[in-house]
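Protein chains in written order, with the UniProt record's numbering: chain A, 1 to 317; chain B, 1 to 321.
By construction, the Cβ of each residue, glycine as well, lies at the ideal position given by its N, Cα and C atoms.
Data block below; observations after.
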Amino acid sequence: MTSTIERPPAAPAAGGPARPRRPKRDRTSKTENVAGLAMLAPAVLLLALFIFVPAILAFGLAFTNARLISPYPAVFVGLDNFVRLFADAAFFRALLNVGYFAVVVVPLQAGLALVMAILVNKQVRGTTFFRTVYFLPVVTSMVVVSLLWLFMYRQDGLINVIIERVTMGMVTGPDWLNDTSTSMPAIILMSVWQGVGFHMIIWLSGLQTIPADLYEAADLDGVTAWQRFRYITWPGLSATRSLILVTITIQALSLFTQISVMTQGGPLNSTTTVVYEAVRSGFAQQETGYASAISLVFFVIVLLISVVQRFLSREKA
Amino acid sequence: MAISQVAIPEVAGTKSAQASAPHAVLGRKTAKKKRVIGIGGWILRIGLTVLFLFPILFMFVSSLKPDQQIFGDLSSIAAFLPIGNISMDNYAAVFDRVPAARFLVNSIGISAITVVAGILVNSLAAFALSRMRVRGKTVILTLIIATLIVPFETLALPLVWWVNQLPSFELTEFGFLFTKGWIDTYQVQIIPFIANAFSIYLFHQYFESIPKELDEAARMDGAGWFRIYRQVVMPLSGPAIATVAILTFLPAWNSYLWPLMVVQTEELRPVMVGVQYFFQLNVSWGEVMAYSTLITLPVVALFIAFQRSFVNSIASSGVKG
Numbered sequence: 001m002t003s004t005i006e007r008p009p010a011a012p013a014a015g016g017p018a019r020p021r022r023p024k025r026d027r028t029s030k031t032e033n034v035a036g037l038a039m040l041a042p043a044v045l046l047l048a049l050f051i052f053v054p055a056i057l058a059f060g061l062a063f064t065n066a067r068l069i070s071p072y073p074a075v076f077v078g079l080d081n082f083v084r085l086f087a088d089a090a091f092f093r094a095l096l097n098v099g100y101f102a103v104v105v106v107p108l109q110a111g112l113a114l115v116m117a118i119l120v121n122k123q124v125r126g127t128t129f130f131r132t133v134y135f136l137p138v139v140t141s142m143v144v145v146s147l148l149w150l151f152m153y154r155q156d157g158l159i160n161v162i163i164e165r166v167t168m169g170m171v172t173g174p175d176w177l178n179d180t181s182t183s184m185p186a187i188i189l190m191s192v193w194q195g196v197g198f199h200m201i202i203w204l205s206g207l208q209t210i211p212a213d214l215y216e217a218a219d220l221d222g223v224t225a226w227q228r229f230r231y232i233t234w235p236g237l238s239a240t241r242s243l244i245l246v247t248i249t250i251q252a253l254s255l256f257t258q259i260s261v262m263t264q265g266g267p268l269n270s271t272t273t274v275v276y277e278a279v280r281s282g283f284a285q286q287e288t289g290y291a292s293a294i295s296l297v298f299f300v301i302v303l304l305i306s307v308v309q310r311f312l313s314r315e316k317a
Numbered sequence: 001m002a003i004s005q006v007a008i009p010e011v012a013g014t015k016s017a018q019a020s021a022p023h024a025v026l027g028r029k030t031a032k033k034k035r036v037i038g039i040g041g042w043i044l045r046i047g048l049t050v051l052f053l054f055p056i057l058f059m060f061v062s063s064l065k066p067d068q069q070i071f072g073d074l075s076s077i078a079a080f081l082p083i084g085n086i087s088m089d090n091y092a093a094v095f096d097r098v099p100a101a102r103f104l105v106n107s108i109g110i111s112a113i114t115v116v117a118g119i120l121v122n123s124l125a126a127f128a129l130s131r132m133r134v135r136g137k138t139v140i141l142t143l144i145i146a147t148l149i150v151p152f153e154t155l156a157l158p159l160v161w162w163v164n165q166l167p168s169f170e171l172t173e174f175g176f177l178f179t180k181g182w183i184d185t186y187q188v189q190i191i192p193f194i195a196n197a198f199s200i201y202l203f204h205q206y207f208e209s210i211p212k213e214l215d216e217a218a219r220m221d222g223a224g225w226f227r228i229y230r231q232v233v234m235p236l237s238g239p240a241i242a243t244v245a246i247l248t249f250l251p252a253w254n255s256y257l258w259p260l261m262v263v264q265t266e267e268l269r270p271v272m273v274g275v276q277y278f279f280q281l282n283v284s285w286g287e288v289m290a291y292s293t294l295i296t297l298p299v300v301a302l303f304i305a306f307q308r309s310f311v312n313s314i315a316s317s318g319v320k321g
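Written out as structure tokens, the structure is:
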């Protein structure tokens with residue numbers, strides 16, 4: 001049964017021609033099937049245990065009052081967690097912050113990454129050096145980057161000193177992370193600095209799939225640089241583009257480490273995020289049920305976004 | 001849009017040398033424009049280099065200075081130069097304040113085991129999916145690919161609860177002792193991250209590109225499936241192995257959210273969680289920068305050594321869509 005299904009060319013021609021070889025194949029495929037399952041087993045078991053089970057649990061636990069450590073078994077509480085969630089001001093603030101972050105970071109990071117990809121795609125002296133330097137923040141952990149910028153963002157830190165020097169003392173920089181109006185922009189700036197190199201590489205691999213002869217033909221036609229970008233580079237990147245949008249958006253929605261290290265959601269919840277709220281309730285307050293409800297809402301948002309973006313990019317292509 | 005306008009001319013510039021002859025007709029104006037654009041590109045390149053390199057340089061340089069001098073140097077270029085009162089004192093202080101050596105050993109161990117086990121488990125699965133006739137293979141592959149859209153953050157909280165229910169055992173002087181819960185162990189930092197859908201996908205893609213005639217020849221010689229895996233397919237899969245190794249190593253080394261929640265015992269903690277120690281009582285920024293440098297150095301060293309593989313592995317994560 002299985003062996004015929006796995007061979008598309010042979011399968012439709014059921015019966016007739018395949019018959020004579022059948023007995024032999026069945027004999028080999030039995031051991032093959034067992035050996036194959038044995039090779040698959042560790043990975044499948046681990047994925048089931050640590051991806052599928054928690055995914056199902058997220059659904060289940062969201063409707064209970066489960067606590068992380070509790071002598072009592074979890075009790076079904078219906079929609080209580082969701083009712084509480086939608087009345088929770090901090091959660092709405094988190095949704096808003098994450099939306100704000102995504103709306104700014106997605107175009108900023110994707111655009112800057114594209115400029116950088118085009119710069120390092122050009123074969124000039126030192127290309128490897130530039131690419132290495134632009135990529136350096138990506139291999140630096142987000143925790144370290146957060147610490148470094150926490151230091152630079154201080155009221156008397158490097159960034160404000162530079163601002164003061166450049167403007168000849170006319171502008172005094174704000175207390176970046178302790179001011180509700182600058183805390184989120186500060187986090188955004190730093191996150192783009194860390195992540196842009198990653199997406200530069202992805203754009204770069206997209207650029208390298210565009211055939212060089214398209215550019216050569218365009219050169220013969222004497223097109224302008226803008227036309228060249230508009231009609232060759234941009235359409236050639238359509239697949240890469242939707243991928244980059246999806247990955248940056250999901251990465252933006254999952255914002256956590258920077259917040260945990262730099263602001264703990266403050267000041268006045270101005271930088272709290274969905275994942276940060278989930279960790280705060282599920283870990284710090286041990287309310288697994290409530291945290292699962294947050295995770296579930298988060299998952300639905302991520303799912304919707306990737307479906308919508310996939311749909312939009314398919315329309316255009 | 002301003003962004004793209006700066007950008008395009010760079011592509012244009014690529015062929016300016018060969019293209020200049022047929023373009024002679026277009027006159028001097030274009031040539032001049034191209035030169036201006038070329039200079040603009042260099043200004044941008046160097047500006048970006050400063051932007052990305054200087055903060056990292058600042059971190060490293062500050063780790064060598066006492067706090068007072070770090071702040072004193074801020075307003076001049078000295079902030080980025082290892083001059084003045086330079087010493088390794090901050091590094092020595094780091095090892096006093098934090099069990100840094102222990103954390104480093106933990107992280108190296110956890111990352112190494114995750115990488116090795118990940119390569120083994122995921123390549124075996126991909127081999128079976130790519131080379132062998134297995135019942136229900138298509139369904140399995142589809143399910144594995146489907147998990148790619150789930151970000152870890154959405155599973156983290158239910159997973160904490162789940163690993164706390166799992167049975168565990170420890171070896172005591174009285175033999176095996178069964179306990180409940182994986183919280184506060186090494187295995188909770190390793191086992192959930194071994195099997196990885198994306199690694200399986202990458203191996204699968206790569207194995208598909210290796211001609212199947214090779215294993216048929218090996219089978220003729222009487223080789224079993226495991227032998228074909230070990231002696232035919234894996235030796236040809238160097239680039240895929242490197243990619244998976246890097247894509248497993250980076251999150252393992254950088255892992256923060258997960259150990260923050262599941263590891264409370266100091267001796268079991270990895271490096272990233274160690275940063276918390278620096279914000280109790282008075283903060284010494286020189287020490288913070290020293291610790292940051294210390295936990296970044298291993299990754300940067302690997303990156304410089306295997307640059308091409310790093311870049312390729314990131315690029316290959318672009319096929320995910």
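- Exclusion of the five residues before and after A156(B) leaves L257, W258, M261 as the residues of its chain whose Cβ lies within less than 8 Å of its Cβ.
- When secondary structure is reduced to three states using DSSP, F176(B) falls in the strand class.
- Taking V288(B) as the centre and dropping the five residues before and after it, the same chain places the C-beta of F278 closer than 6 Å to its C-beta, in chain order.
- For T265(B), the closest alpha carbon among the candidates K212(B), Y186(B), I56(B), Q205(B) is that of Y186(B).
- Under the Cβ criterion of 8 Å, V104(A) is not counted among the residues facing chain B.
- Along the segment 133-147 of chain A, going in chain order, the ones with a CB nearer than 8 Å to a CB of chain B are V133, Y134, F135, L136, P137, V138, V139, T140, S141, M142, V143, V144, L147.
- Sequence-ordered contacts of the segment 261-279 of chain A with chain B read V261, V274, V275, A278, V279 [C-beta pairs closer than 9 Å].
- By the Cβ-count criterion, W285(B) is buried, with 16 or more other Cβ atoms from all chains shown falling within 10 Å of its own Cβ.
- By the CB criterion at 8 Å, T147(B) and I51(A) fall inside the cutoff.
- Assignment of S75(B) by DSSP, reduced to helix, strand and coil, places it in the coil class.
- Under a 10 Å Cβ-count criterion, Y231(A) is classified as exposed, with fewer than 16 other Cβ atoms of the shown protein chains found around its own Cβ.
- In this structure G41(B) is in contact with L119(A), their Cβ atoms being roughly 6 Å apart against a cut-off of 8 Å.
- When rounded, the separation of the alpha-carbon atoms in R219(B) and T140(A) is 46 Å.
- For M88(B), none of the residues of chain A pass the 9 Å Cβ criterion, the least Cβ distance being about 19 Å.
- P158(B) has its alpha-carbon roughly 10 Å from the corresponding atom of A66(A).
- Residue pairing from DSSP places T64(A) in a beta bridge opposite F76(A).
- Assigned with DSSP and collapsed to three states, S168(B) falls in strand.
- L124(B) is classed as buried because its beta carbon has at least 16 other beta carbons within 10 Å across all chains shown.
- Close to I149(B), with beta-carbon spacing below 8 Å, are these residues of chain A in chain order: V302, L303, S306.
- Residues of chain A with a Cβ closer than 7 Å to the Cβ of E153(B) are, in chain order, S254, F256, V275.
- Annotated three-state conformation of T138(B) is helix, per DSSP.
- When Cβ-Cβ separations below 8 Å define contact, A125(B) makes contact with chain A.
- DSSP, read as helix, strand or coil, puts P55(B) in helix.
- Counted as a single uninterrupted DSSP element, the alpha helix (DSSP H) harbouring E164(A) occupies residues 158-166.
- Listed in chain order, the non-local C-beta contacts of L108(A) below 8 Å within the same chain comprise I188, V192, local neighbours out to five positions each way being set aside.
- For W225(B), the nearest CB of chain A lies under 8 Å from its own CB, placing it at the interface with that chain.
- Per DSSP, reduced to three states, the secondary structure at K212(B) is coil, with no helix or strand assignment.
- Judged by DSSP secondary structure, R280(A) falls outside any alpha helix (DSSP H); it is assigned neither H nor E.
- Residue environment: R228(A) is assigned as buried (16 or more neighbouring CB atoms within 10 Å of its CB, all protein chains considered).
- Judged by their CB atoms, T49(B) and V133(A) are nearer to each other than the 8 Å cut-off.
- The beta carbon of F311(A) sits no closer than 8 Å to any beta carbon of chain B.
- Taking 8 Å as the upper bound for CB-CB distance, F91(A) and I294(A) are in contact here, some 7 Å apart.
- Close partners of N254(B) in chain A (Cβ separation under 8 Å): S141, M142, V143.
- For the options Q258(A), F59(A), A48(A), V106(A), the alpha carbon positioned closest to that of V297(A) is the one of F59(A).
- According to the DSSP assignment, A89(A) belongs to the alpha helix (DSSP H) that extends over 89-121.
- Among the residues facing chain A, I295(B) is included, as its CB has a counterpart in that chain under 8 Å away.
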